[in-house]
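Q:
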Amino acid sequence: MTDADRIAYLAGDQAAVDPADAAELDDVRALLADPAMWEQPDPHLEDTVVVTIAGAARSAGPVAGRKRTRRPILLWAAGAAAAAVIAIAVAIGIGSGNGTPATTFSVALGGTSLAPAASGQATLTQTNAGWKITLHVSGLPRLDNGRFYEAWLKNPADVLVPVGTFNQSGDITLWAGVPPTEFPTLTVTRQRANGNQASSGQRVLVGLAHRTS
Amino acid sequence: MRVVADPVVVSRFAAGDEDAVRALYREYGRLVFAVAYKVLGDRGLAEEATQQAFLQAWRASASFEPSKEFGPWLATIARRAAIDIHRREARHAHSALDDADPAASGLISLPPSMDQVYDAWQVRQALNELSPDEADLVKLQHMEGLTHSQIADRLNIPVGTVKSRSFRAHRRLAGLLGHLRGDDHALPQPPIGTGGQR
Numbered sequence: 027m028t029d030a031d032r033i034a035y036l037a038g039d040q041a042a043v044d045p046a047d048a049a050e051l052d053d054v055r056a057l058l059a060d061p062a063m064w065e066q067p068d069p070h071l072e073d074t075v076v077v078t079i080a081g082a083a084r085s086a087g088p089v090a091g092r093k094r095t096r097r098p099i100l101l102w103a104a105g106a107a108a109a110a111v112i113a114i115a116v117a118i119g120i121g122s123g124n125g126t127p128a129t130t131f132s133v134a135l136g137g138t139s140l141a142p143a144a145s146g147q148a149t150l151t152q153t154n155a156g157w158k159i160t161l162h163v164s165g166l167p168r169l170d171n172g173r174f175y176e177a178w179l180k181n182p183a184d185v186l187v188p189v190g191t192f193n194q195s196g197d198i199t200l201w202a203g204v205p206p207t208e209f210p211t212l213t214v215t216r217q218r219a220n221g222n223q224a225s226s227g228q229r230v231l232v233g234l235a236h237r238t239s
Numbered sequence: 026m027r028v029v030a031d032p033v034v035v036s037r038f039a040a041g042d043e044d045a046v047r048a049l050y051r052e053y054g055r056l057v058f059a060v061a062y063k064v065l066g067d068r069g070l071a072e073e074a075t076q077q078a079f080l081q082a083w084r085a086s087a088s089f090e091p092s093k094e095f096g097p098w099l100a101t102i103a104r105r106a107a108i109d110i111h112r113r114e115a116r117h118a119h120s121a122l123d124d125a126d127p128a129a130s131g132l133i134s135l136p137p138s139m140d141q142v143y144d145a146w147q148v149r150q151a152l153n154e155l156s157p158d159e160a161d162l163v164k165l166q167h168m169e170g171l172t173h174s175q176i177a178d179r180l181n182i183p184v185g186t187v188k189s190r191s192f193r194a195h196r197r198l199a200g201l202l203g204h205l206r207g208d209d210h211a212l213p214q215p216p217i218g219t220g221g222q223r
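Chains as they are written, first to last, in my numbering: chain G, 27 to 239; chain E, 26 to 223.
Right, dumping it as structure tokens:
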């Protein structure tokens, strides 16, 4: 098979190559016809990836540094200890009601390909009862007649915890029993009231929580 | 077709540097997405897998050996991330058949092998090397199955231009994808199973 034959066969000339020799190029032709080769990701995915890694880096410290020397390990441990002290202090502050500012996280939510015009902003505030989520959503059409939106917090192992349901855009209050430190991804899915409590997987909004105070 | 990531960029990526993350996403993001879409057959899930793949690559980056190619290592991670989501969705599929997308065949079939994933990675990488005009033409010809005449009508250009552009595009693809047909200048095989074990 000459290069010219290969080019011609790849370009669609079935007669250019003996069928016995064509198999090696058929895989390439099949891939060129595969939508996976042509589908484009959402342009916002780059920002989502950057935000996800930045958030993980802030909460975990640089992976590379942990491996190379002992010093970053000690610093990391010292940082973790300091964080624990701060967390205890915050918890005591909240529990005693002495006016210490509550721990809060914020989430900028972006619409997925299912709802590219949607967006949202959430604030997660720690209280004695749990995490209060104040969510403002725009761009989501109303769902009713057994259909609704459901919000979830997700951890890195993809464990989902439901935090509330709603019908349309606007100001919404949700509650979570798990902390955004461990479940940092906030998602919103479209659901049906069909007895299935699991996520439909039809995500319309996604965002990552960042500590703000 | 060897694409070696700048070791400085990879090192900065490991440190979580935002510019480095963006640089590697722009270099490899669409390739990772193509692999994920190949496994999952769903755009939203493929985007989620892409996000997870980069996060997992960052977490594993301390053990990445700079002398190795970053692309095949990342392709392995991308496939694993997509398969994890494939399995998760398969667990839920039995209870949500009424919402199932018949086009999402990736959810009801076996995921592609590492060889198939790497072929997809290479083809998508080769397509990145085409000019936008050439890529549009190849897409119309192969994915939409249009003839040269139909492409000429669609793009409002002469048939002769379609033919010459098609030849140039496929000559370039044939050259870029030579290793997929067993030529002597073949790429080394991807390090199957190494990335996800890091």
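No residue lacks a Cβ here, since even glycine has one placed at the ideal position from N, Cα and C.
Expressed to the nearest angstrom, what Euclidean distance is found between the alpha-carbon atoms of residue 169/G and residue 193/G?
A: Approximately 5 angstroms between the Cα atoms of the pair.
Q: Taking beta-carbon pairs under 8 angstroms, can you tell me which members of the region 123-144 of chain G lie near chain E?
A: Residues 138, 139, 140.
Q: Below 8 angstroms, can you find three or more Cβ-Cβ pairs linking the region 32-39 of chain E to the region 208-225 of chain G?
A: Short answer: they don't touch.
Q: Taking a contact to mean a Cβ-Cβ separation below 9 angstroms, would you say residue 234/G touches residue 163/G in this structure?
A: Contact flag unset, no.
Q: Closer than 7 angstroms by beta-carbon distance: list the chain G residues that pair up with residue 164/E, in chain order.
A: Under the 7 angstroms cutoff, chain G gives 64.
Q: Assuming residue 152/G and residue 128/G are in contact, meaning their beta carbons sit under 8 angstroms apart, how far apart are those beta carbons, in whole angstroms?
A: That pair is a contact at about 5 angstroms.
Q: According to DSSP, is residue 54/G helix, strand or coil?
A: Residue 54/G falls in the helix class under three-state DSSP.
Q: To the nearest angstrom, how far is it from the Cα of residue 138/E to the Cα of residue 75/G?
A: So the alpha carbons of these two residues sit roughly 25 angstroms apart.
Q: Does any C-beta atom of chain G lie closer than 9 angstroms to the C-beta of residue 175/E?
A: Answer no: the Cβ-Cβ gap between residue 175/E and chain G never drops below 9 angstroms.
Q: According to a CB-to-CB cut-off of less than 8 angstroms, which residues of the region 40-53 of chain E neighbour chain G?
A: So the list reads 40, 41, 43, 46, 47, 50, 51, given in the order they occur along the chain.
Q: In angstroms, rounded to a whole number, what distance separates the CA positions of residue 179/E and residue 161/E?
A: Cα-Cα distance, rounded: 11 angstroms.
Q: In chain E, which residues lie with their C-beta within 7 angstroms of the C-beta of residue 74/G?
A: Residues of chain E passing the Cβ test: 76.
Q: Looking at the C-beta of residue 103/E, does it have a partner C-beta in chain G at a distance below 9 angstroms?
A: Answer no: the Cβ-Cβ gap between residue 103/E and chain G never drops below 9 angstroms.
Q: Would you call the CB atoms of residue 83/E and residue 46/E closer than 9 angstroms?
A: Yes, they are a contact pair.
Q: Report yes if the C-beta distance between residue 55/E and residue 153/E is below 9 angstroms; otherwise report no.
A: Yes, Cβ-Cβ distance for residue 55/E and residue 153/E is below 9 angstroms.
Q: For residue 94/E, which of 174/E, 49/E, 155/E has the nearest alpha-carbon?
A: Closest by alpha carbon: 49/E.
Q: How would you label residue 143/G, buried or exposed, when you count the other beta carbons within 10 angstroms and need 16 or more for buried?
A: Under this definition residue 143/G is an exposed residue.
Q: In chain G, what lies closer than 7 angstroms to residue 191/E by C-beta?
A: By Cβ distance, chain G contributes 37.
Q: Would you say residue 179/G faces chain E, with C-beta separation under 9 angstroms as the test?
A: Not closer than 9 angstroms to any Cβ of chain E, the Cβ of residue 179/G fails to qualify, so no.
Q: Flag this pair as yes or no: are the beta carbons of residue 60/E and residue 58/G separated by less than 9 angstroms?
A: In this structure, residue 58/G does not lie closer than 9 angstroms to residue 60/E by Cβ.
Q: My understanding is that residue 75/E touches residue 58/E, with C-beta atoms under 8 angstroms, so please give their C-beta distance in whole angstroms.
A: With 8 angstroms as the limit, residue 75/E and residue 58/E qualify as a contact, their Cβ atoms being about 5 angstroms apart.
Q: Residue 151/G versus chain E: which residues are under 8 angstroms apart at the beta carbon?
A: Within chain E, no residue comes near residue 151/G; the closest Cβ sits about 26 angstroms away, beyond 8 angstroms.
Q: Assign residue 191/E to one of two classes, buried (16 or more other C-beta atoms within 10 Å of its C-beta) or exposed (fewer than that).
A: Buried, because 16 or more other Cβ atoms sit within 10 Å of the Cβ of residue 191/E.
Q: Among 92/E, 87/E, 151/E, 70/E, whose alpha-carbon lies nearest the alpha-carbon of residue 106/E?
A: Per the Cα distances, 70/E.
Q: Express the C-alpha separation of residue 55/G and residue 182/G in angstroms, rounding to a whole number.
A: Roughly 37 angstroms between the two C-alpha positions.
Q: Does DSSP put residue 216/E in a helix, in a strand, or in coil?
A: Residue placement at residue 216/E is flagged as unreliable, the pLDDT there being 35, under the threshold of 50; the coordinate-derived value follows with that caveat. Coil.
Q: Please determine, among 172/G, 62/G, 186/G, 136/G, the residue with the shortest C-alpha to C-alpha distance to residue 219/G.
A: If we check each option's Cα against that of residue 219/G, 172/G comes out closest.
Q: I want to verify the contact list: residues of chain E whose CB lies under 7 angstroms from the CB of residue 229/G, in sequence order.
A: Within chain E, the residues near residue 229/G are 69.
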